[in-house]
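In the numbering used here, the protein residues as written are 23 to 944. Ideal placement from N, C-alpha and C gives every residue a C-beta, glycine not left out.
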C-alpha cells in the first residue's frame with residue numbers, strides 16, 4: 023500500500039510539474055486583443071521580424087537568374103540540365119542546410135529581431151497533386167518538417183516568434199509566377215480543387231505538429247495572392263471587388279487549423295500582392311491579424327491609411343508582413359511610420375546573392391558567375407563537375423559565417439529609428455588614412471547628404487536608383503569598386519557625386535596640430551569639381567578645385583596644406599560644392615605646430631535668409647578682440663558699409679557681419695582686412711587679407727518679369743517630370759492631379775500688372791491651373807486661374823495666357839492644379855504697359871490706320887538695340903502674326919493683306935514690357 027501511494031504521489035507530482043511547465047510555456051504565445059497583438063499576459067507585442075526569403079523557396083532575382091529563370095522550377099531546370107537530377111537534389115539539400123542555421127537565428131536575436139517569417143514551399147512538405155500515387159491523397163515529405171523543427175528549436179532558445187508563411191501554395195497562387203513558383207502550364211491553386219484540398223490538408227498537418235509550440239507566433243495562410251477571379255479584370259487581382267474564392271479558401275483553412283490548434287494567430291493577406299481586401303472581411307475568427315505588404319511608396323500616413331481604416335472598421339490588428347528592397351533611409355522612415363502607428367513588421371529578405379540591400383550578402387563565386395554567363399549568353403557548356411563545384415561553393419557561401427554582414431542595414435532598422443546621432447562606421451584616426459566609403463553610420467542629413475536616397479516608384483511612377491554603384495553599403499551615397507592601385511585604397515570609392523552632396527567621418531585626432539592632407543580623387547573631364555573640408559561645423563579649408571585627371575578611374579592626389587585640427591573627436595565632412603569627381607581616400611600627416619600657424623580667414627558665406635555673412639577662421643578667436651576695425655566689404659564691386667560684427671557663440675572660429683544694405687542671390691561679395699586688432703585665442707593677430715570671396719548661398723529667385731522653366735521648382739507635391747519635344751527640349755511637368763502643386767522662389771522687380779503666358783499640352787480634356795503669389799510669411803497676395811485648352815496630344819504644345827497683379831519683392835510662386843490633366847513646359851511674365859490713343863503718337867505709330875492697302879508701317883521711337891516681338895490677334899483672340907523684329911531698326915513694314923476686315927490688337931514686347939494698341943482693316 024505504501025508502495026502504491028509512493029508511486030501515485032510521484033505520478034501526481036510529475037503531472038503537476040508538466041502542467042506548470044505547459045502553463046509557463048503557453049504564456050509566451052501570442053494572441054490578439056482588439057486592435058493589438060499581445061502576449062498571454064496582455065502586454066502589447068510589436069513584432070520586429072525578418073523574412074527568410076531564398077531558403078525554402080528561391081526567386082530568380084535573389085539568385086541573379088531573373089533574366090532567364092525567375093521561378094524556382096525554372097532555376098532548378100537550369101541546374102539539372104548541367105549536373106543531372108541526383109546532383110541537383112544534393113545541391114538543394116545542402117542549400118537548405120546552409121542557408122538558415124542556428125548561427126543565423128542567434129544573429130537575428132542579437133541584432134534586435136523578435137520574430138521571423140518563414141516562407142515555405144509546399145513541395146518540401148508534400149508531393150504535387152499530379153505526382154500523388156493516389157488522386158486526392160497527401161504524401162507527406164520529411165524535409166520541410168525537419169527544417170522547420172530545427173528552426174523552432176533554435177528560435178525557442180532565442181525567444182524569437184516564428185510566423186509560418188505558405189509562400190508557394192500547391193499550384194501557385196499568383197500570376198506573378200516567381201513569387202509562388204507558379205507554372206502556367208499547370209492548373210493554379212485557384213483552378214484546381216485538388217490543389218485547394220492539399221493546401222487545407224498541409225495547414226492542418228502543420229498546425230497539428232506545432233499546436234503546442236509557444237514560439238510559433240502564428241500561421242500566414244497564403245502569401246501575396248495576385249489573381250483575377252473576374253474575367254477581363256486586372257490579372258493580379260487589384261480591381262477585384264469581392265475576392266470570394268480567396269475568402270472561401272481562407273475560411274476553409276482556418277476551420278481545418280482550428281480542429282487541431284485553437285490558440286495560434288491566423289494571419290491573412292489580401293489579393294493584389296496582399297493589399298486588396300475587398301470582400302474578404304469581416305473576420306471569421308476571434309484570433310486573426312490582417313497582414314499587408316509595402317514596397318517603394320512614400321513613408322507618409324497616406325501610404326498606410328487604407329490599412330488603418332481596416333483596423334478601425336473591423337477591430338483587428340495589423341501586421342506589415344513584408345517590406346524592404348530599398349535604401350537604408352527608406353527602411354528607417356518606414357519603421358518609424360509603422361511603430362508610431364503600433365504596427366509590427368517583417369523585412370525581406372535576410373540574404374541574397376551579391377546584394378547590399380539586406381543584412382547578409384551571399385558572395386558570388388567566380389564559378390557561379392561562369393554558370394550565369396552561360397545560362398544568359400550560351401557558349402561552351404560547363405562540365406558537370408565544374409558546374410557542381412560552382413553550385414556547392416555557392417551553397418557554402420550561404421552559411422552566415424561566409425556571408426558579408428551589412429551593419430549599415432541593421433543600424434538603419436534599429437538604432438536610427440529613434441537616434442539621430444551618427445556613429446563611426448570603422449575606426450578612423452588622424453594621422454592616418456580615412457577611406458571615402460567609411461563615412462559615419464547615421465541618417466540622411468546627419469551622416470551624409472545625397473540627391474537620390476530611396477526609390478518611391480509606386481508613388482511617383484518613376485524608378486530611382488538610390489545607389490548607382492550597388493556595393494559595400496545601402497545608403498544613397500554612390501559607392502563602386504575602385505581600380506586605384508595606390509596602397510592607400512581599400513578598393514571602394516565614392517562616385518557619381520553631385521553638387522552639394524557630402525559625407526561625414528567621425529575621426530579621433532591624436533594631437534592638436536597643423537596637418538597636410540593628400541586627397542585622392544579621379545575626374546574624367548570638364549570644369550573642375552570643387553570641395554571644401556569641414557570639421558565640427560567649421561570650414562577648415564577654402565574651396566578647392568579638383569581638376570580633370572583624364573578618367574573616372576585615373577587617380578591623382580590634391581595636396582591640401584595648413585589644415586588646423588584639434589585633439590579629440592572631429593566630425594570631418596567632405597563637401598562637394600560642385601560634383602563630378604570620384605573620391606577614394608584622404609591621407610593625413612602632421613605638418614607643424616598650431617603656434618607656428620598664423621590666424622587666417624578660411625571661408626566666407628552668406629548665412630540665413632536675412633543676408634548675414636559668416637566668415638570662418640582657422641583658429642578660435644579671442645572674444646574680447648572682435649571688432650569692426652580694419653574690415654571693408656565690396657558688393658558687386660561697390661563699397662558697402664558694414665553695420666555690425668558679432669562672434670558666433672556656438673562656434674568661436676566664426677564671426678557674423680551685417681551690412682547696411684540688403685544682399686540678394688547673384689550678388690558678388692568680398693571682404694578685406696588691414697590693420698585691425700583681432701586676435702586668436704592663442705594671441706596670434708589676424709593677418710591682413712584682400713578680397714576674400716564670399717560664397718553667396720542665398721536661394722536663387724527667378725526674376726519677374728521673365729521666364730521660368732516648369733522643371734525649375736524648389737518644391738514638388740505630386741507631379742512628375744518627363745522629356746519634352748517642345749521647342750528647346752528639356753523636361754516638362756506632367757501627370758497632373760487635382761491638388762498637386764509646384765513652388766518656385768521669385769523676385770518681382772516692380773508692382774504692376776503682368777501678362778502671364780503658360781506653355782501647355784492637353785490631349786483630350788481641358789483643365790485649369792492656378793498661379794498664386796505668396797509672400798515670405800506664407801500669405802497669399804494675388805492669384806489667377808488660367809484655363810488650359812485641348813491641344814490634341816501630350817506633346818502638342820500651345821501658349822495660353824491671362825494677366826495678374828503682382829507685388830514687388832521676394833516670395834513664392836505656387837502653381838496649383840485645379841482640374842487635370844495636362845502638361846506644362848514654362849511660364850512667362852511680362853509687364854503690361856498701357857498704350858492709349860492719346861499717347862499713341864508719342865510712343866508707337868501705326869499707319870495707315872485704317873489699313874486698306876495691306877502694308878502696315880510701325881514706328882517705335884528710341885527702341886534701337888532693344889529686343890522686340892510683334893504679335894497681332896483678332897478681337898476674338900485668334901493669333902494672326904507672331905514674329906521677332908530686328909533689334910537694330912525702329913521702323914517696320916508688315917504685309918498684312920491676308921487679314922479680313924475688322925479690328926485687330928497689336929502687342930509689341932519691347933525688352934521686358936508690353937505695349938498694346940489696335941488698328942482697323944477695311
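Residue 283 sits buried, since 16 or more C-beta atoms from the chains shown fall within 10 Å of its C-beta. Exclusion of the five residues before and after residue 595 leaves 524, 526 and 556 as the residues of its chain whose Cβ lies within less than 6 Å of its Cβ. Within the stretch 827 to 899, the beta strand (DSSP E) runs of at least 3 residues that lie entirely inside it are, in chain order, 831 to 841, 845 to 855, 867 to 869, 877 to 881 and 890 to 896. DSSP places residue 432 inside the alpha helix (DSSP H), whose first and last residues are 429 to 435. Contact check for residue 737 and residue 764: beta-carbon distance about 7 Å, within the 8 Å limit, so the pair qualifies. Between residue 641 and residue 601, the alpha-carbon positions lie close to 28 Å from each other. Under DSSP, the beta-bridge partners assigned to residue 542 are 579 and 607. Per the Cβ contact rule, the stretch 715 to 723 is in contact with the stretch 688 to 706 (3 or more Cβ pairs under 8 Å). Around the Cβ of residue 683, a 10 Å sphere holds fewer than 16 other Cβ atoms; the residue is exposed. Nearest to residue 454 by C-alpha distance, out of 708, 484 and 607, is 607.
Counted as a single uninterrupted DSSP element, the beta strand (DSSP E) harbouring residue 551 occupies residues 551 to 557. A straight-line Cα-Cα distance of about 28 Å links residue 372 and residue 211. Rounded to the nearest angstrom, the Cβ distance from residue 496 to residue 349 is 6 Å, consistent with a contact under 8 Å. Taking 8 Å as the upper bound for CB-CB distance, residue 543 and residue 451 are not in contact here, some 22 Å apart. If you check the CB distance, residue 597 and residue 554 come in under 8 Å. Going by beta carbons, residue 366 and residue 341 fall inside the 8 Å limit. Of all alpha-carbon atoms in 841, 814 and 775, the one lying nearest the alpha-carbon of residue 804 is that of 775.
Shown here, residue 151 sits in a helix according to DSSP, grouped into three states. Counting the other Cβ atoms within 10 Å of the Cβ of residue 924 gives fewer than 16, which makes it exposed. Between the alpha carbons of residue 748 and residue 87 lies a distance of about 41 Å. Annotated three-state conformation of residue 130 is helix, per DSSP.
Here residue 237 carries a coil assignment [DSSP, helix/strand/coil]. Around residue 824, the same chain offers 778, 806 and 808 as residues with beta carbons nearer than 7 Å, after the five sequence neighbours per side are excluded. The Cβ atoms of residue 741 and residue 760 do not sit closer than 8 Å to each other. DSSP links residue 451 through a beta bridge to 530. Rounded to whole angstroms, residue 580 and residue 458 show a C-alpha spacing of 15 Å. A distance below 8 Å separates the beta carbons of residue 481 and residue 320. By the Cβ-count criterion, residue 869 is exposed, with fewer than 16 other Cβ atoms from all chains shown falling within 10 Å of its own Cβ. Inter-residue distance for residue 352 and residue 802 is about 34 Å (C-alpha atoms, whole angstroms). The shortest CA-to-CA distance from residue 133 to any of 487, 635, 431 and 515 is the one to 431.
Here residue 84 carries a helix assignment [DSSP, helix/strand/coil]. Contact annotation: the stretch 387 to 394 does not touch the stretch 508 to 516, with fewer than three C-beta pairs closer than 8 Å.
Separation of residue 535 and residue 716 (C-alpha to C-alpha, rounded to the nearest whole angstrom) is 27 Å.
If you draw a straight line from the Cα of residue 410 to the Cα of residue 577, it comes to about 41 Å.
Comparing C-alpha distances from residue 433 to each of 504, 278, 357 and 471 shows the shortest one belongs to 357. With respect to the 8 Å criterion, residue 771 and residue 832 are not classified as neighbours on the basis of their beta carbons.
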